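Quick notes on the structure that follows.
Residue numbers (my numbering): 7 to 298.
Shown next, in the form of structure tokens:
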């Protein structure tokens, strides 16, 4: 039986064979890079993608009178997926620790937010804390899993990477505001401005094929938030959870939720912590090394 390293070597050889067949000039090179970008993004989303697929498929086909509820099935399935990712080497133990931390942080927020009436979980389950089924934490963990994997798969490099202590302060302020704005002034707009000031100068360099390409980090945050918002619409359509106004008839998730996901900086900071031993307190600039 092949080891994961052998599988990686085999996949790399197949990828290079495809590249040699497709790339016959600048147009072919651009097409292959675009194709490679999409495949790598899908590979990075494997945990969240599988979980979202299960949510949709069980909404359509989960049998009535099953031995366990649909929500509890999600918990079992998510644990098995996570074990498989670690066992096959697709996820490192360091990444898994960060994902576990994000699961705990997300579950704590879920307990508070459901208590405040921000959203509800309409189905019954055994594995739950108050009104929150335990599978909900895995949805936050999916974000952490994606960020951890995309960082490694695309070989991220950064220009003007903010100090981690500053990022940590911002992440803490954002997380506290998620709770505190129910009782005091909502400083979300201030936090948006702080995010732009701190991350605005930063450029992330990613490698889809052989060369690193630049992107402003705040645009990357925006794209991640947009696709999470898309996933939320699928999740609510499949009745995994519902927002106020969706109880009887499904409607599009409020675009305001896009802003909430944009401010989930804590996930990025947690993942950055596991890379600091390679990139130091400030991430290495691509000019310091030969890209590709």
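Idealized CB from N, CA, C, for every residue including glycine.
Because the structure is a prediction, the values reported are computed rather than measured.
Taking three-plus beta-carbon pairs below 8 Å as touching, is the segment 166-180 in contact with the segment 188-204?
With the cut-off at 8 Å, the segment 166-180 and the segment 188-204 touch.
How big is the Cα-Cα spacing for residue 238 and residue 217?
Here residue 238 is taken as the residue at index 232 of the chain shown, counted from 1. Here residue 217 is taken as the residue at index 211 of the chain shown, counted from 1. Residue 217 has its alpha-carbon roughly 33 Å from the corresponding atom of residue 238.
If you measure between the beta carbons of residue 280 and residue 149, is that distance less than 9 Å?
Here residue 280 corresponds to residue number 274 of the chain shown, with the count starting at 1. Here residue 149 corresponds to residue number 143 of the chain shown, with the count starting at 1. Contact: no.
Would you check if there are 3 or more beta carbon pairs closer than 8 Å linking the segment 243-255 to the segment 126-133?
The answer is yes - the segment 126-133 touches the segment 243-255, with three or more Cβ pairs under 8 Å.
Mind checking whether residue 205 and residue 227 have CB atoms under 9 Å apart?
By one-based count along the chain shown, residue 205 stands at place 199. By one-based count along the chain shown, residue 227 stands at place 221. Against a cut-off of 9 Å, the Cβ pair of residue 227 and residue 205 comes out as a contact.
Should residue 163 be labelled buried (16 or more other beta-carbon atoms within 10 Å of its own) or exposed?
Indexing the chain shown from 1 puts residue 163 at position 157. Looking at its Cβ environment, which holds 16 or more other Cβ atoms inside 10 Å, residue 163 is buried.
How big is the Cα-Cα spacing for residue 20 and residue 45?
Position 14 of the chain shown, counting from 1, holds the residue named residue 20. Position 39 of the chain shown, counting from 1, holds the residue named residue 45. A direct Cα-to-Cα measurement between residue 20 and residue 45 gives close to 13 Å.
Do you know offhand how far residue 156's Cα is from residue 98's?
Working through the chain shown from its first residue, we reach residue 156 at position 150. Working through the chain shown from its first residue, we reach residue 98 at position 92. Approximately 13 Å, taken between the alpha carbons.
Let me know the secondary structure DSSP gives residue 64 once reduced to three states.
What you label residue 64 is simply residue 58 of the chain shown in a count that begins at 1. Residue state, collapsed to three classes: helix.
Leaving aside the five residues before and after residue 232 along the sequence, list all residues of the same chain whose C-beta is less than 7 Å from its C-beta, in chain order.
Here residue 232 is taken as the residue at index 226 of the chain shown, counted from 1. Excluding sequence positions up to five before and after residue 232, its CB lies within less than 7 Å of the CB of 264, all in the same chain and listed in chain order.
For residue 30, which three-state DSSP category applies?
The residue you call residue 30 lines up with position 24 of the chain shown. Residue state, collapsed to three classes: coil.
Assign residue 187 to one of two classes, buried (16 or more other C-beta atoms within 10 Å of its C-beta) or exposed (fewer than that).
Counted from its first residue, the chain shown places residue 187 at position 181. Looking at its Cβ environment, which holds fewer than 16 other Cβ atoms inside 10 Å, residue 187 is exposed.
If you run the structure through DSSP and keep just helix, strand and coil, what is residue 242?
Here residue 242 is taken as the residue at index 236 of the chain shown, counted from 1. Helix.
Under 8 Å, with one C-beta from each stretch per pair, do the segment 76-87 and the segment 137-148 reach the 3-pair mark?
Yes: at least three Cβ pairs fall under 8 Å.
Taking 6 Å as the limit between beta carbons, can you name the residues of its chain near residue 100, skipping five residues before and five after?
Reading the chain shown from its first residue, position 94 is the one you call residue 100. Here the set comprises 280.
By how many angstroms is the C-alpha of residue 63 removed from the C-alpha of residue 288?
Residue mapping note: residue 288 aligns to position 282 of the chain shown, counting from 1. Residue mapping note: residue 63 aligns to position 57 of the chain shown, counting from 1. Since pLDDT at residue 288 reaches only 43, below the 50 mark, its modelled position is unreliable, and no value is offered.
Do residue 271 and residue 58 come within 9 Å of each other at the CB atom, strictly closer than that value?
As a first step, residue 58 is located in the chain shown; it is residue number 52 there, counting from the start. As a first step, residue 271 is located in the chain shown; it is residue number 265 there, counting from the start. No, these two residues do not count as a Cβ contact at 9 Å.
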